[in-house]
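Protein chains in written order, with full-length UniProt numbering: chain A, 1 to 376; chain B, 1 to 376.
First comes the structure, then the notes that go with it.
Protein chains: 2
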Amino acid sequence: MTEASAAAPTIVPVKLGDRSYDIVIGSGLIERAGREIADRTDAMRVAIVSDETVAGLHLERLTHSLNAAGVHVTPIIVAPGEKSKGFATLETVTNAILSARLERGDIVIAFGGGVIGDLAGFAAGIARRGMGFIQMPTSLLAQVDSSVGGKTGINTIHGKNLVGLFYQPQLVLADTDVLDTLSPREFRAGYAEVAKYGLIDRPDFFAWLEKNWRGIFEGGPERTEAIAVSCRSKADVVARDERETGDRALLNLGHTFGHALETATHYDSSRLVHGEAVAIGMVLAHQFSAKMNLASPDDAARVETHLRMVGLPTSIHEIPGDLPPAGRLMEYIAQDKKVARGALTFILTRGIGQSFIAKDVPASAVLSFLQEKQQR
Amino acid sequence: MTEASAAAPTIVPVKLGDRSYDIVIGSGLIERAGREIADRTDAMRVAIVSDETVAGLHLERLTHSLNAAGVHVTPIIVAPGEKSKGFATLETVTNAILSARLERGDIVIAFGGGVIGDLAGFAAGIARRGMGFIQMPTSLLAQVDSSVGGKTGINTIHGKNLVGLFYQPQLVLADTDVLDTLSPREFRAGYAEVAKYGLIDRPDFFAWLEKNWRGIFEGGPERTEAIAVSCRSKADVVARDERETGDRALLNLGHTFGHALETATHYDSSRLVHGEAVAIGMVLAHQFSAKMNLASPDDAARVETHLRMVGLPTSIHEIPGDLPPAGRLMEYIAQDKKVARGALTFILTRGIGQSFIAKDVPASAVLSFLQEKQQR
């Protein structure tokens, strides 16, 4: 698509006082990145942090666009996948930023999926005690979730994302064209987080997704619309509670069960990827809410039906290979970092789009629910 | 000294909006730390990051005080010295904090000098994306400078403190008793930073130091007074400009020349420690200002006389061993991270207590000044 024919992008503002920024969503943004960045910043130099896969597909066009705008580019390419999210790669990337002689007003661009955004954002936040930072998410999951809101981090032997920063980007450029290069499985996984925003507090959006999901998968105008609504939803929550001391925890709908399943499958992406874990986790959260007489079983069935329709797994029995017993899953849940002072906090729901933060959920009820689910 | 006989501590507030905190300065604060922390926070667990030297002298008393207040303590002890300020030790300390199962509301205490404060503050800022953090500085330099203002960081192959965070503590407890365990050389090095506050913008304080420095070195009431004025000076600057986009650069008086000398001596503390480099650097800054006809040579002489009186070095010729030629020192100065867009920014002065940020200082003038100094 040429620049002239590109539709005007959609802009979603994230309102965080003096750390406010725009999310720009649309077609052809890689080709326009140089001009967008030159118009909005004083940066003379950028470091582009990317992985081998994304760099192979898109780096040349991005570099060309930046050079054409007079911006010097240093690429910093890491291996794809979760294993790059550790202290070793953080040190490598941070040193590469310093090697490139970037000054504080210059910019680190995270150009990739969630792993790259988390890693590059963390490095940008600590190099020279904080560089300029721009997110250019290339997966659906990163465009609707991880690139928005400023969470960055790496994994350690103690767990995922336990080390990191709240570090807001100064701009998010989400080029919707790149989504065509994703595998169907990767696209679906990102869709789980799109559906999540409907389930948290936008029942109309969930109903719209039930009708329009095919357009989203096929790349119609519904796709940009769904990404924009998702970003707006997340931006609203983040603006209310940047550092997750309250409402932001709603974004963890489906994630407590989901993280336990990811731990149980040793983060083996051939068995389960994050979005799939969240899909199963959201169905479980609705079923558990129904079991606790908080929500109607019909709502749980409606969630399950929609996610199954788009091709996502909705039951733990769809995960290939053996799972540990329910008791072990409970241990993983208890180790989750969202546990405050030992009390079990869960995101539960009163129905579609009526999620809430439930504190002091009895562990025994969760355990017996998981035992039931495993037997079926 | 028993608790009952301790004089009331001096409290200096640091005003940073919702990140405001108190600096508590006085005698017997290690013994009172448990109560101070229990009164001011909800923390149930703390990790004390310290080095072998400080831990050997003071850790038992601090642990006892915290335990007596019902706070669980995990000690994290690293090797003393600048070599602990790197990625490897940062990873070790961060993992030890996570191993200790501290939650977000729990606290990391930096218990040591500048190295420990910078390292522990950085680890506290990234573990769980930000833990509670308290500074308990045990060197004069840390009490009057590095523990105040939230700069944390580590060194890399590219230079000192190039990786880190602005991360404010929620409390600083400066026990003046521990200063009696410092070597005279270490105490003098810290004194250079005390004198710096007078030279920046408090001419009356500098005059007071000229009269009262013996009481400070001997541990009289002048010591607490000097520490309090220093902290107040730094707190004022930091409150005006937390992230060093303007006035905070004044705190670098003497540091541009000083850092170049530290680099030239390979940070070999047997030749030069930071405070000594700052002392020489402040004299050079005053002499260079006089040479540029900004200040009177008498003021430069007055600074030199006072620093020499307390036993600090005031000339590059006092540094043992060979120094590189002036041209190489200029390169170190140009590499300093305070260079913005290639222009040479220096803290110069119009006289005692009249420092200012000079931009676009001609490198040629600095070079010929350094050449003169080396010939003498």
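The beta-carbon is built from N, C-alpha and C at its ideal position, and this holds for glycine as well.
Exercise. Three-state secondary structure (DSSP) at methionine 136(B)?
Worked result: Translated into the one-based positions of the second sequence, residue 136(B) becomes position 136. DSSP places methionine 136(B) in strand when its eight states are reduced to three.
For this session: Please state if the CB of leucine 370(A) and the CB of leucine 329(A) are separated by a distance shorter than 8 Å.
Result: Here residue 329(A) refers to the residue found at position 329 of the first sequence. Here residue 370(A) refers to the residue found at position 370 of the first sequence. Yes; because the gap between Cβ atoms is below 8 Å, this pair is in contact.
Exercise. For the alpha helix (DSSP H) that threonine 305(B) lies in, which residues bound it at each end?
Worked result: Taking the first residue of the second sequence as position 1, residue 305(B) is located at position 305. Counting along the chain, the alpha helix (DSSP H) containing threonine 305(B) begins and ends at 297–309.
Exercise. When DSSP labels each residue in this structure, what does proline 13(B) get in the three-state scheme?
Worked result: Counting from one through the second sequence, the residue named residue 13(B) turns up at place 13. Proline 13(B): strand per DSSP, three-state reduction.
Exercise. Just checking, does the stretch 7–22 of chain B make contact with the stretch 226–240 of chain B on the three C-beta pairs under 8 Å criterion?
Worked result: yes
Exercise. Would you say aspartate 360(B) faces chain A, with C-beta separation under 8 Å as the test?
Worked result: Here the question's residue 360(B) lines up with position 360 in the second sequence. No, its Cβ sits nowhere closer than 8 Å to a Cβ of chain A.
Exercise. Out of curiosity, what's the CA-to-CA distance linking glycine 112(A) and glycine 321(B)?
Worked result: Translated into the one-based positions of the first sequence, residue 112(A) becomes position 112. Translated into the one-based positions of the second sequence, residue 321(B) becomes position 321. Taking the straight line from one Cα to the other gives about 51 Å.
Exercise. Does the beta-carbon distance from glycine 198(A) to glycine 351(A) come in below 8 Å?
Worked result: Walking along the first sequence from the start, residue 198(A) turns up at place 198. Walking along the first sequence from the start, residue 351(A) turns up at place 351. No. Outside cutoff.
Problem set entry | Enclosing beta strand (DSSP E) for lysine 160(A) [first to last residue] | As a position in the first sequence, residue 160(A) is number 160, starting the count at 1. First-last of the beta strand (DSSP E) with lysine 160(A): 159–166.
For this session: Spell out the partners DSSP gives histidine 72(B) in its beta bridges.
Result: Taking the first residue of the second sequence as 1, we reach residue 72(B) at position 72. Partner(s): Arg45(B).
Problem set entry | Identity of the residue in Gly190(B), Ala301(B), Leu162(B) nearest alanine 146(B) by Cα | As a position in the second sequence, residue 146(B) is number 146, starting the count at 1. According to the sequence provided, residue 146(B) is serine. The question's alanine does not apply to it. Considering only alpha carbons, the answer is Gly190(B).
Problem set entry | CA nearest to the CA of threonine 63(A), picked from Arg35(A), Asp42(A), Gly149(A), Arg40(A) | Sequence index remark: in the first sequence, residue 63(A) carries index 63 (1-based). Nearest of Arg35(A), Asp42(A), Gly149(A), Arg40(A) to threonine 63(A), Cα basis: Arg35(A).
Exercise. From isoleucine 25(B) to phenylalanine 217(B), what distance separates their C-alpha atoms?
Worked result: Translated into positions along the second sequence, residue 25(B) becomes position 25. Translated into positions along the second sequence, residue 217(B) becomes position 217. Their backbone Cα atoms lie some 16 Å apart in a straight line.
For this session: Below 8 Å on the Cβ atoms is my guess for alanine 47(A) versus alanine 96(A); work out the distance and round it to an integer in Å.
Result: The residue labelled residue 47(A) in the question sits at position 47 within the first sequence. The residue labelled residue 96(A) in the question sits at position 96 within the first sequence. Yes, they are in contact, since the Cβ atoms of alanine 47(A) and alanine 96(A) sit about 7 Å apart, within 8 Å.
Exercise. Leaving out the 5 sequence neighbours to the left and right, which residues in its chain are closer than 7 Å to serine 20(A) when beta-carbon positions are compared?
Worked result: Here the question's residue 20(A) lines up with position 20 in the first sequence. The residues are Pro13, Val14.
For this session: Check the Cβ-Cβ distances between alanine 110(A) and every residue of chain B, and say whether any is below 8 Å.
Result: Here the question's residue 110(A) lines up with position 110 in the first sequence. Not closer than 8 Å to any Cβ of chain B, the Cβ of alanine 110(A) fails to qualify, so no.
Exercise. Quick one: what does DSSP say isoleucine 97(A) is sitting in, helix, strand or coil?
Worked result: Numbered from its first residue, the first sequence carries residue 97(A) at position 97. Reduced to three states, the DSSP call for isoleucine 97(A) is helix.
For this session: Could you name the residues of the stretch 59–80 of chain A whose beta carbon sits closer than 9 Å to any beta carbon of chain B, in the order they occur along the chain?
Result: none
Exercise. Near valine 273(A), which residues of its chain fall below 6 Å by C-beta distance, leaving aside the five closest residues on each side in sequence?
Worked result: As a working mapping, residue 273(A) is identified with position 273 in the first sequence. These residues qualify, in order along the chain: Ala189.
Exercise. For the alpha helix (DSSP H) that glycine 327(A) lies in, which residues bound it at each end?
Worked result: The residue given as residue 327(A) occupies position 327 in the first sequence. It spans 326–335 - the alpha helix (DSSP H) in which glycine 327(A) sits, taken as one unbroken run.
Exercise. If phenylalanine 166(B) sits next to arginine 129(A), beta carbons under 8 Å apart, how far is it from one beta carbon to the other, in whole angstroms?
Worked result: Stepping through the second sequence from its first residue, residue 166(B) is reached at position 166. Stepping through the first sequence from its first residue, residue 129(A) is reached at position 129. Their Cβ separation, rounded to whole angstroms, is 6 Å, which keeps phenylalanine 166(B) and arginine 129(A) in contact under 8 Å.
For this session: Tell me whether alanine 7(A) is buried or exposed, calling it buried when 16 or more other Cβ atoms sit within 10 Å of its Cβ.
Result: In the first sequence, the residue the question calls residue 7(A) occupies position 7. It is exposed - the Cβ of alanine 7(A) has fewer than 16 other Cβ atoms within 10 Å.
Exercise. Closest to arginine 40(B) by CA distance: which of Gly70(B), Gln170(B), Pro325(B), Ser65(B) is it?
Worked result: Along the second sequence, read from residue 1 onward, the residue named residue 40(B) stands at position 40. Closest by alpha carbon: Gln170(B).
For this session: With a 10 Å radius around its C-beta and 16 neighbouring C-beta atoms as the bar for buried, classify serine 183(A) as buried or exposed.
Result: Here residue 183(A) is taken as the residue at index 183 of the first sequence, counted from 1. Label assigned to serine 183(A): exposed.
Exercise. List, in order along the chain, the chain A residues whose C-beta lies closer than 9 Å to that of asparagine 155(B)?
Worked result: Here the question's residue 155(B) lines up with position 155 in the second sequence. Within chain A, no residue comes near asparagine 155(B); the closest Cβ sits about 11 Å away, beyond 9 Å.
Problem set entry | Own chain, CB closer than 6 Å to threonine 74(B), minus 5 neighbours either side, in chain order | Walking along the second sequence from the start, residue 74(B) turns up at place 74. Correct list, in chain order: Ala47, Ala100.
Problem set entry | At least 3 beta-carbon pairs within less than 8 Å: the stretch 290–302 of chain B vs the stretch 214–232 of chain B | no
Exercise. Do methionine 282(A) and valine 310(A) have their C-beta atoms closer together than 8 Å?
Worked result: As a first step, residue 282(A) is located in the first sequence; it is residue number 282 there, counting from the start. As a first step, residue 310(A) is located in the first sequence; it is residue number 310 there, counting from the start. It is not a contact, given that the beta carbons lie outside the stated cut-off.
For this session: Run the CB neighbour count on threonine 314(B), radius 10 Å, all protein chains shown included, and call it buried at 16 or more, exposed below.
Result: Taking the first residue of the second sequence as position 1, residue 314(B) is located at position 314. With 16 or more Cβ atoms within 10 Å of its Cβ, threonine 314(B) is classed as buried.
Exercise. Run through DSSP, which three-state label would alanine 174(B) get?
Worked result: Translated into positions along the second sequence, residue 174(B) becomes position 174. Three-state DSSP puts alanine 174(B) in a strand.
For this session: Return the CA-CA distance between alanine 301(A) and isoleucine 76(A), expressed in angstroms with no decimal places.
Result: If you number the first sequence from 1, residue 301(A) lands on position 301. If you number the first sequence from 1, residue 76(A) lands on position 76. Looking at the two C-alpha atoms, the distance is approximately 46 Å.
For this session: Might you give, ordered along the chain, the residues of its own chain that have their beta carbon closer than 6 Å to the beta carbon of tyrosine 332(B), omitting 5 neighbours on each side?
Result: Residue numbering aside, residue 332(B) sits at position 332 when the second sequence is read from its first letter. So the list reads Ala260, Thr263, once near-sequence residues are dropped.
Exercise. Is any beta-carbon of chain A found at less than 8 Å from that of alanine 127(B)?
Worked result: One-based indexing of the second sequence puts residue 127(B) at position 127. Yes, contact with chain A.
Exercise. So what does DSSP say about alanine 26(A), is it helix, strand or coil?
Worked result: Here residue 26(A) corresponds to residue number 26 of the first sequence, with the count starting at 1. One detail in the question is off: residue 26(A) reads as glycine in this sequence, not alanine. Glycine 26(A) falls in the strand class under three-state DSSP.
Exercise. Since lysine 119(A) meets chain B, which of its residues come closer than 9 Å, beta carbon to beta carbon?
Worked result: To locate residue 119(A), count along the first sequence from 1; it is residue 119. For the sequence presented, residue 119(A) should be read as leucine rather than lysine. Within chain B, no residue comes near leucine 119(A); the closest Cβ sits about 13 Å away, beyond 9 Å.
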